[in-house]
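Chemist: In full-length UniProt numbering, the protein residues as written are 1 to 203.
Don't be surprised by glycine CBs; every beta carbon is placed ideally from N, CA and C.
Right, I'll just put the structure down here and ask away after.
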Ligand code: ADP
Ligand code: MG
């Protein structure tokens, strides 16, 4: 159980500039998934987080990524995969608003936008790339000027939807009695110790 000190942004061991920026944009306290996941991500753990829409999952990964980015700002630092263009832009907005004072360079790679223009954006060494998988794959196939070799974070936002939309040709067979078992299986697939946060069931 988190104590009162942990349930503030300053109790989560995030850089002061992040705590300040959260307060500047009117966030009073971290949400439960943020309280539990941010310290684990800062500690270097892989993380599976499950909580309903609107529970603050984006900042649960964006804040620790931005914290770590300032320690090692070279190369594309984080790749965020998300199933739709709308979600990609929403995630980008949250990175941008927190990263506004650190010259954060981010880039959104989604369908329906000119490939050449996107290629130019990618060649400018963004720190954070937020992409839908199809368009990212197009760039990886056609463009030699950017590389994912230095990424420190891979985020699969809405991971269940990503699997459904982009792997129609592959059969994914998951058998389990409960959601928790499915998540436990994913932990084993990833192959090392993973922090698992599952929001408590509503009563
Ligand atoms: P989801 O869990 O569905 O991914 P989001 O991360 O998109 O949810 O967050 C939903 C909304 O809650 C966003 O507008 C976001 O800015 C806001 N939000 C995130 N964290 C907090 C917080 N700690 N306090 C208040 N609002 C927050
Ligand atoms: Mg979300």
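Using the three-state DSSP reduction, which class does residue 198 fall into: helix, strand or coil?
Modeler: Residue state, collapsed to three classes: strand.
Chemist: Are residue 31 and residue 88 close, meaning C-beta to C-beta below 8 Å?
Modeler: Contact flag unset, no.
Chemist: Report the rounded CA-to-CA distance for residue 62 versus residue 78, giving the unit in angstroms.
Modeler: Taking the straight line joining both Cα atoms gives about 10 Å.
Chemist: Using the Cβ count rule (16 or more neighbours within 10 Å means buried), how would you classify residue 106?
Modeler: Result: buried.
Chemist: Please go through the same chain and pick out, in chain order, the residues whose beta-carbon is closer than 6 Å to the beta-carbon of residue 153, but skip the five residues on each side of it.
Modeler: Contacts found: 65 and 78.
Chemist: Taking the beta strand (DSSP E) that residue 78 falls in, what are its first and last residues?
Modeler: Start and end: 78-81.
Chemist: Ends of the beta strand (DSSP E) at residue 155?
Modeler: Run containing residue 155: 153-156, per the beta strand (DSSP E) assignment.
Chemist: Let me see if you follow: with CB-CB separation under 8 Å, is residue 97 close to chain D or not?
Modeler: Considering every chain present, this structure includes no chain D. It has just one protein chain.
Chemist: Considering only their Cβ atoms, is the gap separating residue 38 from residue 51 smaller than 8 Å?
Modeler: Result no, Cβ atoms of residue 51 and residue 38 do not sit closer than 8 Å.
Chemist: Based on Cα-Cα distance, which residue from 125, 146 and 48 lies nearest to residue 193?
Modeler: Of the listed residues, the one whose Cα sits closest to residue 193 is 48.
Chemist: Here's a check: name, in chain order, each residue in its chain whose Cβ is nearer than 8 Å to the Cβ of residue 29, leaving out the five neighbours to either side.
Modeler: Excluding residues within five positions, the ones whose Cβ falls inside 8 Å are 7, 8 and 9.
Chemist: Does the distance from the C-beta atom of residue 27 to that of residue 76 stay below 8 Å?
Modeler: Not in contact: residue 27 and residue 76 (Cβ atoms no closer than 8 Å).
Chemist: I want to check one thing, is the minimum distance from the CB of residue 147 to the heavy atoms of ligand 1 below 7 Å?
Modeler: Flag unset: Cβ of residue 147 not near ligand 1.
Chemist: Between 155, 115, 80 and 41, which has its C-alpha nearest residue 67's C-alpha?
Modeler: Closest option to residue 67, Cα to Cα, is 41.
Chemist: Relative to the alpha-carbon of residue 44, which residue among 19, 195 and 199 has its alpha-carbon at the smallest distance?
Modeler: Nearest C-alpha to residue 44: 195.
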